[in-house]
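Everything on this sheet refers to the single structure shown next.
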Amino acid sequence: MSLRLRTLLTLILTLGVALILMMLVMHRYIFTAFTSLERLHFSRMGEHVVQTVYSQEKHFTSFVRDWGVWNDSYQFVVDQNQDFIDDNLNDETLTGIGTLCILFFDRDFNLVYASSFAEDRQLVLSVGDAVKRAQQQIRQIDLEKDSCFYLCVEKLNGPFLAAMYPIYPTDRQREANGYILMGRAIDEQYSYDVSSNSGLDFKLERLCLQPSVDQEKKKVNVFYDFISEDYAEIILQVHDIENQSSFNLVTKIYREMNTHLQQVFKVTITVMIALGLLAVLLVEMLLNRLVLAPISGQIRQFNRIGEGGDLSERFEAQGSREMNLLSQTANRMLDRIEELNRELQRSSMTDSLTGMWNRRRFDEQLNHEWLVARRNGVPVSLLMVDIDHFKLYNDTYGHQDGDQCLQTVAETLCAQVKREADLVARYGGEEFAVILPDVPFKGAEQVAERVRQAVDALGIPNVDAPKGGWVTVSVGYASMIPQSGQSCDELLRCADQALYQAKKAGRNCCKAWVV
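Numbering (this note's numbering) for the sequence shown: 79 to 593.
What follows is the structure, encoded as structure tokens:
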């Protein structure tokens, strides 16, 4: 065998060994690191989907809680009067809320009255029977904190999302005399709604009356799995009130990160073959400097990102063109993941109707400003603003105009609170809150009156309001210099008491709670 042939065979063998080793290194470290990032990405996507499902629950929870603390509802459980039925329990109300039914139960879970569309009558009665059968499990739930649960209803041929709340008089001075329930069937329309809100295409799997294999027994669980090199599957598993499988939402997602990595892998192999054919000695000398060392560094960085979860870290351009391409691809994917996380964070902190900060953002900011004020020894003031007779407004003009009214009042509040340090948030329903850091009692009084006058000047008609005939607000405010051992809950309680005094004084006024 000639030296030329032996050298050629040696070069080919060396190149083959080098390629095999490189493949092992990439599969062992780089693909592992990317898989960790993918798992983190899919886990956060699953959390986003769970929030989408919870938003469906919150929709009905807001209505049952409004109706559940209404004197008319409390009286209706007793006498089922026709006036209440004519005014509230009609097809327009069902359509506006988006509920299949409105059911009233007494304290023993006996169905007192059922409101539904005529064609759904038998289905709704079946829902009432399902509630009666599940009363033992329902009694174990604190409905005032967690109003939603899922039932398996035979005549629906599937699960049912129920929002249930005890019925109290408005002043809550007497015990609840029954329960109110609203909800919807878990059907293809429900799957479409979740898909539209989450941006993913979910398929519905009804699993009613099937034993659950989940050991955690949570109401909503998220699982994901890599079903192929190109696709992953996310499964949202929901249990009913009896901890049985209720339904699954399943979607298949394209593994974009893995596909890009495969492409980079092919380019890298191609370049290595070219370099090996030119000269194996050159490959041997430069391999550690140009390929293995950068790969090792990126592998460490991949593992560090995957284990630490710091998505702000970025890969620096270094080494060969292929390594730069790998860094750029990884950085683009990290940018996209970080962007999705920011969007998720923003959506979880803002109110979807008014666009202002929501209750969660309010709670965080109030606690922050409280700690800052206690450290600096300065006051912090809080305004609680409630739209007067808003239930009457909704009953008169409908929920669509009611939403427009909320948006207009929210814009007016934001226009009156001008400092960047101040925060205006939707506290819940028709109630808003304003945090005024480093503002004493007198300043809070001025802002409160300015807000009240601005809303009053809007002149939004509310013909059924007992006074005035237009939309007004009641404002309660309080101001405190935090002391050691106190929490921001004390300020919140004082402002809420002041709001109660404003309502008691006839509404459309400002009241302070003097500490």
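C-beta atoms are modelled at their ideal positions from N, C-alpha and C, and glycine is treated no differently. Since the structure is predicted, the reported quantities are computational estimates derived from the model, not experimental observations.
Practice task
Could you have a look at His446 and say whether DSSP puts it in helix, strand or coil?
Solution key: It is helical.
Exercise for the section: Could you check if Ala583 is buried or exposed, using at least 16 other CB atoms within 10 Å of its CB as the buried criterion? Expected result: Around the beta carbon of Ala583, fewer than 16 other beta carbons sit within 10 angstroms, so the residue counts as exposed.
Practice task
Report yes or no: do the segment 535 to 553 and the segment 437 to 456 share at least 3 C-beta pairs separated by less than 8 Å?
Solution key: Not touching, per the Cβ criterion.
Practice task
Starting from Gln54, follow the alpha helix (DSSP H) in both directions and report where the run begins and ends.
Solution key: With the chain covering 79 to 593 only, the question about residue 54 has no answer from this structure.
Problem - Counterpart residues of Phe510 in DSSP-defined beta bridges - result: Val463, Arg504
Practice task
In angstroms with no decimal places, state the Cα-to-Cα distance between Lys469 and Arg439.
Solution key: Rounded to whole angstroms, Lys469 and Arg439 show a C-alpha spacing of 26 Å.
Exercise for the section: Inspect the beta-carbon positions of Glu311 and Asp318 and report whether they are closer than 8 Å. Expected result: no
Exercise for the section: Give me whichever residues DSSP pairs with Tyr309 in a beta bridge. Expected result: As computed with DSSP, Tyr309 is found in a beta bridge with Tyr332.
Practice task
Just the C-alpha distance for Glu391 and Ile383, rounded to the nearest angstrom, thanks.
Solution key: 7 Å
Problem - Beta-bridge pairing of Asp184 - partner residues as DSSP gives them - result: Gly256
Practice task
Please specify which runs of the beta strand (DSSP E), each continuous and at least 3 residues long, are wholly inside the segment 488 to 564, giving them in chain order.
Solution key: 501 to 506, 509 to 515, 551 to 558
Handout entry: Beta-carbon separation (whole angstroms), Leu460 vs Leu569, contact threshold 8 Å
Key = Confirmed, about 5 Å.
Handout entry: DSSP state of Glu620 mapped onto helix, strand, coil
Key = No information on residue 620 is available, as it lies outside the stretch 79 to 593 that the chain covers here.
Handout entry: Residue range of the unbroken alpha helix (DSSP H) whose run includes Asn159
Key = Neither: Asn159 is in no alpha helix (DSSP H) and is coded neither H nor E.
Handout entry: Val456 vs Asp516 beta-carbon contact at 8 Å
Key = Result yes, Cβ atoms of Val456 and Asp516 sit closer than 8 Å.
Exercise for the section: Tell me where the beta strand (DSSP E) around Tyr578 begins and ends. Expected result: Not the beta strand (DSSP E): Tyr578 falls in the alpha helix (DSSP H), residues 566 to 582.
Problem - Sequence ranges, beta strand (DSSP E) only - wholly within the segment 182 to 253, length at least 3 - result: 189 to 194, 226 to 231, 236 to 244
Problem - From Lys344, Thr248, Ser114, residue whose alpha carbon lies closest to that of Leu97 - result: Lys344
Handout entry: Bounding residues of the beta strand (DSSP E) (the contiguous stretch that carries Lys589)
Key = 588 to 590
Problem - Local conformation of Val316 per DSSP, three classes - result: strand
Handout entry: Alpha carbon of Lys210 to alpha carbon of Asp473, nearest angstrom
Key = 30 Å
Handout entry: Nearest-angstrom Cα separation, counted from Lys581 out to Tyr132
Key = 32 Å
Handout entry: Identity of the residue in Arg437, Ile351, Ile347 nearest Arg504 by Cα
Key = Scanning Arg437, Ile351, Ile347 for the CA closest to the CA of Arg504 turns up Arg437.
Problem - C-beta atoms of Cys286 and Gly236 nearer than 8 Å - result: yes
Practice task
Out of Leu259, Thr432, Cys572, point me to the one whose CA is closest to Ala240's CA.
Solution key: Leu259
Practice task
Measure the beta-carbon distance from Leu181 to Ala196 and round it to whole angstroms, keeping in mind my assumption that it falls under 8 Å.
Solution key: Incorrect: roughly 16 Å between the Cβ atoms, too far for contact.
Exercise for the section: Just the C-alpha distance for Thr346 and Ile331, rounded to the nearest angstrom, thanks. Expected result: Per the coordinates, the alpha-carbon of Thr346 lies some 26 Å from the alpha-carbon of Ile331.
Handout entry: Nearest-angstrom Cα separation, counted from Leu189 out to Pro539
Key = 38 Å
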